[in-house]
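J.: Listed in order, the protein sequences are those of chains A and B.
Number 1223 marks the last residue of the first sequence (the working numbering); no jumps.
Number 1223 marks the last residue of the second sequence (the working numbering); no jumps.
Have a look at this one.
2 protein chains.
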Amino acid sequence: MTSFDVLVVAGTHGNELNASWLLDQWERQPDLVDTAGLSCRRVIGNPQARAAGTRYLDRDLNRSFQPDLLAGDGQEVELRRARELVQDHGPAGFNPCRVALDLHSTTAGMGSSLVVYGRRPADLALAGGVQRLLGLPVYLHESDAAQTGFLVERWPCGLVIEVGPVPQAVLDSRVVIQTQLALEACLQVISESRSGLGLQPKSLVVHRHLRSLDLPRDEHGQPSALLHPLRQGTDWRPLQGGAPLMRRPDGSVIDVPDDAENLMPVFINEAAYAEKRIALSLTQREVWPVLPNWIAALEKLMEG
Amino acid sequence: MTSFDVLVVAGTHGNELNASWLLDQWERQPDLVDTAGLSCRRVIGNPQARAAGTRYLDRDLNRSFQPDLLAGDGQEVELRRARELVQDHGPAGFNPCRVALDLHSTTAGMGSSLVVYGRRPADLALAGGVQRLLGLPVYLHESDAAQTGFLVERWPCGLVIEVGPVPQAVLDSRVVIQTQLALEACLQVISESRSGLGLQPKSLVVHRHLRSLDLPRDEHGQPSALLHPLRQGTDWRPLQGGAPLMRRPDGSVIDVPDDAENLMPVFINEAAYAEKRIALSLTQREVWPVLPNWIAALEKLMEG
């Protein structure tokens, strides 16, 4: 049994190739990534899906970490893998890790961002420290009963690094570089919190998840309109009421509804969310004062 | 038995969604696409792959139209489908079509282009007419023993409309619009050739396929370097000798080799070509005088 500071997961979705490639290269060149003195455990989240070139085999691994599913007897590939990851690397596992960083990519033109699940103080401290270093936007995912069971929730602290745009199944140097940069910033913040030197910004800008929108659909469930060309790649930018939102095949337009005005869309046209019937998600931009208990929680976690 | 002027194929690759969606909408709104008076037969190339959300099930359908394979007894899903398409819609089929237009998309940043296989006069007339209308680049694919058996080769005239960039499994209004525009231009040129009004440019600019380059690979066959960020999205632009071509994980660079200087890359980082070990293809830009026998061949095909 060896304990580690950080679990670094790539390939939780098997067709998101860039972070997995980075981990492979890091394995071959142990000094490739600056870990800021932390001990890191590298793992491919879903190696079977990676080998198959698909997001998952039986079910989305990153929606499979609900406590009841982990405790149940479901035998889907991803449920078994979720249990294995928690047993091997969870805080009470054989090789326990304190923090989990889960590396993802998106087809949406979101650039690099952090995804935080809920409002755990240590997560917010980590996100705040990284936002101070790199200015990355933070997508706060909470209160969505249709989307639960994320990997990092099973560790006492953890977040997702999300980089795009990149098609599924494409290796792109830019995405590898951006992933490494965000990963190294996370590791620096975690390392500094251990030594009590963790710096926080005065405030944290979060994009708080409100709800998601689907495309309009016909009687067979097929989309009868698509996102409007003017919306593609406009993640993080406020929607204007009455601006074009969808385009029907005949060129007619469906406008942004009034109740979405000034909300910030994210995950615009993410390939993997079509099956979840999410064309984009709507967020509210909020500026939160950074609280002293956030960094205290991260420091305590990294103690000893 | 009904004969048609044009066979319009979408979804030859099941995870290229946009043209299939356009055909579905066209089915619902018969006047959605301006056919210039031609009779069109619409077909989804690989419906099983489309349903599965993958490029293909057993083998690439668009490499399955070699005469020996069609005449053989191979039972892969795509071989059976290739035979069925030729039997149903081939020039000697139950519902014969004169021209085949095969609608594809790519993850490469190539914009809209036409792909022509070999130098059949009627194909060149069609490409010339469309280049005159829309200025689309023409990728002339020939002399590549590793890549054969394309669908349109089994019809007396036919070409591929290729639109990108778009990730696999993503519906994008822009790609739908571009696909429809190029399709309508093809139909206009074919229609005008029937009435003897087919206009041709004085010359046809072709990008003639020379060879393809793969990424460098390690002893396990995995890429040890990726395309350099400066190459991404630079399809159709001449390579400079000594410019960055690949980037290793440590940031070191592999330069453009001298023998690629001034060649034009296409299909840069196309997702589906990774398995074919093609990181990009190299072409030679050539300006050909348009020959009178080209349009004569297309006119003859459309007669009666």
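For glycine and all other residues, C-beta sits at the position ideal for the given N, C-alpha and C.
Against L1146 (chain B), what residues of chain A qualify as contacts under a CB-to-CB distance less than 9 angstroms, listed in chain order?
T.: Mapped onto the second sequence, residue 1146 (chain B) falls at position 227. Within 9 angstroms Cβ-Cβ: L1090, D1091, S1092.
J.: Per DSSP, what are the beta-bridge partners of W1207 (chain B) in this structure?
T.: Sequence index remark: in the second sequence, residue 1207 (chain B) carries index 288 (1-based). For W1207 (chain B), which the question treats as bridged, DSSP gives the partners B:L1123.
J.: Looking at the structure shown, is A970 (chain A) part of a helix, part of a strand, or coil, going by DSSP?
T.: Here residue 970 (chain A) corresponds to residue number 51 of the first sequence, with the count starting at 1. Here A970 (chain A) sits in helix by DSSP.
J.: In the structure shown, what three-state DSSP assignment does I1197 (chain B) receive?
T.: On the second sequence, residue 1197 (chain B) is found 278 positions in, with the first residue counted as 1. It is coil, neither helix nor strand.
J.: Taking the straight line between their C-alpha atoms, what separation do you get for A1144 (chain A) and T1153 (chain A)?
T.: Along the first sequence, one-based indexing puts residue 1144 (chain A) at 225. Along the first sequence, one-based indexing puts residue 1153 (chain A) at 234. Taking the straight line from one Cα to the other gives about 18 angstroms.
J.: Interface residues of chain B around V1095 (chain A) at Cβ under 8 angstroms?
T.: The residue labelled residue 1095 (chain A) in the question sits at position 176 within the first sequence. Chain B residues near V1095 (chain A): L1145, P1168.
J.: For S1171 (chain A), count the other beta carbons within 10 Å of its own beta carbon; 16 or more makes it buried, fewer makes it exposed. Which is it?
T.: As a working note, residue 1171 (chain A) is residue 252 in the first sequence. It counts as exposed.
J.: Let's test the definition: count the other Cβ atoms within 10 Å of the Cβ of S1131 (chain A) and tell me whether it reaches 16, buried, or not, exposed.
T.: For this step, residue 1131 (chain A) is matched to residue 212 along the first sequence. The residue in question, S1131 (chain A), is buried, as its Cβ has 16 or more Cβ neighbours within 10 Å.
J.: Using the Cα positions of L1078 (chain A) and R1038 (chain A), report the straight-line distance between them to the nearest angstrom.
T.: Here residue 1078 (chain A) corresponds to residue number 159 of the first sequence, with the count starting at 1. Here residue 1038 (chain A) corresponds to residue number 119 of the first sequence, with the count starting at 1. Rounded to whole angstroms, L1078 (chain A) to R1038 (chain A) spans 11 angstroms at the Cα level.
J.: Closer than 9 angstroms, Cβ to Cβ, to anything on chain A: give me those residues from the region 940 to 957 of chain B, in chain order.
T.: Per Cβ criterion, the list reads W940, L941, D943, Q944, W945, R947, Q948, L951.
J.: In the DSSP output, which residue or residues are listed as bridge partners for C1105 (chain B)?
T.: In the second sequence, counting from the first residue as 1, residue 1105 (chain B) sits at position 186. In the DSSP output, where bridge partners are listed per residue, C1105 (chain B) has none listed.
J.: Within the 9 angstroms Cβ cut-off, does Q1087 (chain A) reach chain B?
T.: Here residue 1087 (chain A) refers to the residue found at position 168 of the first sequence. Q1087 (chain A) counts as touching chain B.
J.: Does N1188 (chain A) come within less than 9 angstroms of chain B when only Cβ atoms are used?
T.: Taking the first sequence and counting its residues from 1, one reaches residue 1188 (chain A) at position 269. Yes, N1188 (chain A) counts as interfacial toward chain B.
J.: Taking Cβ positions only, does P966 (chain A) come closer than 9 angstroms to chain B?
T.: One-based indexing of the first sequence puts residue 966 (chain A) at position 47. Judged by the 9 angstroms Cβ criterion, P966 (chain A) is not in contact with chain B.
J.: Please compile the residues from chain A whose C-beta is within a distance smaller than 9 angstroms of the C-beta of P1142 (chain B).
T.: Position 223 of the second sequence, counted from the first residue, corresponds to residue 1142 (chain B). Ordered by position in chain A, the residues that pass the 9 angstroms Cβ test against P1142 (chain B) are W940, L1090.
J.: Helix, strand or coil for R1039 (chain B)? Go by DSSP, reduced to three states.
T.: Taking the first residue of the second sequence as 1, we reach residue 1039 (chain B) at position 120. Note: R1039 (chain B) maps to coil in three-state DSSP.
J.: Is the beta carbon of W1074 (chain A) less than 9 angstroms from the beta carbon of V996 (chain A)?
T.: Within the first sequence, the letter at position 155 stands for residue 1074 (chain A). Within the first sequence, the letter at position 77 stands for residue 996 (chain A). Cβ distance not < 9 angstroms, so W1074 (chain A) and V996 (chain A) don't count as in contact.
J.: Just curious, the alpha helix (DSSP H) that L998 (chain A) is in, first and last residue?
T.: Translated into the one-based positions of the first sequence, residue 998 (chain A) becomes position 79. Unbroken alpha helix (DSSP H) run through L998 (chain A): 996 to 1008.
J.: Is there a C-beta anywhere in chain A that falls below 9 angstroms from the one on Q1151 (chain B)?
T.: In the second sequence, counting from the first residue as 1, residue 1151 (chain B) sits at position 232. Judged by the 9 angstroms Cβ criterion, Q1151 (chain B) is in contact with chain A.
J.: Quick one: what does DSSP say I1096 (chain B) is sitting in, helix, strand or coil?
T.: The residue you call residue 1096 (chain B) lines up with position 177 of the second sequence. Residue state, collapsed to three classes: helix.
J.: Please classify R978 (chain B): does DSSP put it in a helix, a strand, or coil?
T.: The residue you call residue 978 (chain B) lines up with position 59 of the second sequence. In the structure shown, R978 (chain B) sits in coil (DSSP, three-state: anything other than H, G, I, E or B).
J.: List the residues of chain B that A970 (chain A) touches, going by C-beta distances under 9 angstroms, in chain order.
T.: Reading the first sequence from its first residue, position 51 is the one you call residue 970 (chain A). Within 9 angstroms Cβ-Cβ: nothing; A970 (chain A) doesn't reach chain B, min ~12 angstroms.
J.: Grouping DSSP H, G and I as helix and E and B as strand, with all else coil, what is R960 (chain B)?
T.: Reading the second sequence from its first residue, position 41 is the one you call residue 960 (chain B). Correct three-state label for R960 (chain B): strand.
J.: Please list the partners that T921 (chain A) has in chain B, where partner means a Cβ-to-Cβ separation under 7 angstroms.
T.: Here residue 921 (chain A) refers to the residue found at position 2 of the first sequence. None at all; the shortest Cβ gap to chain B is about 26 angstroms.
J.: Provide the residue(s) that pair with Y1058 (chain B) in DSSP beta bridges, ordered along the chain.
T.: For this step, residue 1058 (chain B) is matched to residue 139 along the second sequence. Its beta-bridge partners are B:V1034, B:H1126.
J.: Taking the C-alpha atoms as reference points, what is the distance between P1086 (chain B) and G1028 (chain B)?
T.: In the second sequence, counting from the first residue as 1, residue 1086 (chain B) sits at position 167. In the second sequence, counting from the first residue as 1, residue 1028 (chain B) sits at position 109. Computed Cα separation, rounded: 10 angstroms.
J.: Quick one: any contact between the region 1206 to 1217 of chain A and the region 1157 to 1168 of chain A, if contact means 3 or more CB pairs under 8 angstroms?
T.: Touching, no, given that fewer than three Cβ pairs across the two stretches are closer than 8 angstroms.
J.: With distances taken Cα to Cα, identify the nearest neighbour of S877 (chain A) among A:K1219, A:H1008, A:R947, A:L1210.
T.: Outside the shown range of chain A, which is 920 to 1223, sits residue 877 (chain A), and nothing can be said about it.
J.: In this structure, does DSSP put I1214 (chain B) in helix, strand or coil?
T.: Counting from one through the second sequence, the residue named residue 1214 (chain B) turns up at place 295. Note: I1214 (chain B) maps to helix in three-state DSSP.
J.: What's the call for S1062 (chain B), buried or exposed, on a 16-neighbour Cβ count within 10 Å?
T.: As a working note, residue 1062 (chain B) is residue 143 in the second sequence. Label assigned to S1062 (chain B): exposed.
J.: Looking at chain B, which residues of the region 1021 to 1052 of chain A have a Cβ within less than 8 angstroms of any of its Cβ atoms?
T.: The region 1021 to 1052 of chain A vs chain B, Cβ under 8 angstroms: T1026.
J.: For a contact meaning CB atoms closer than 7 angstroms, what does A1104 (chain B) contact in chain A?
T.: The count along the second sequence starts at 1 and reaches residue 1104 (chain B) at position 185. Chain A residues near A1104 (chain B): none, gap ~17 angstroms exceeds 7 angstroms.
J.: Name the DSSP beta bridge partners of R1136 (chain B), please?
T.: Here residue 1136 (chain B) refers to the residue found at position 217 when the second sequence is read from its first residue. B:P1142, per the DSSP bridge assignment.
J.: Name the two residues that bound the continuous alpha helix (DSSP H) containing S939 (chain A).
T.: The count along the first sequence starts at 1 and reaches residue 939 (chain A) at position 20. 936 to 947 is the span of the alpha helix (DSSP H), which, as asked, contains S939 (chain A).
J.: Three or more C-beta pairs closer than 8 angstroms, one from the region 1043 to 1051 of chain B and one from the region 1111 to 1120 of chain B: is that the case here?
T.: Output reads yes: the region 1111 to 1120 of chain B touches the region 1043 to 1051 of chain B.
J.: Short of 9 angstroms Cβ to Cβ, which residues in the region 993 to 1006 of chain B face chain A?
T.: Those residues of the region 993 to 1006 of chain B that come within reach of chain A (Cβ to Cβ, closer than 9 angstroms) do not exist; the list is empty.
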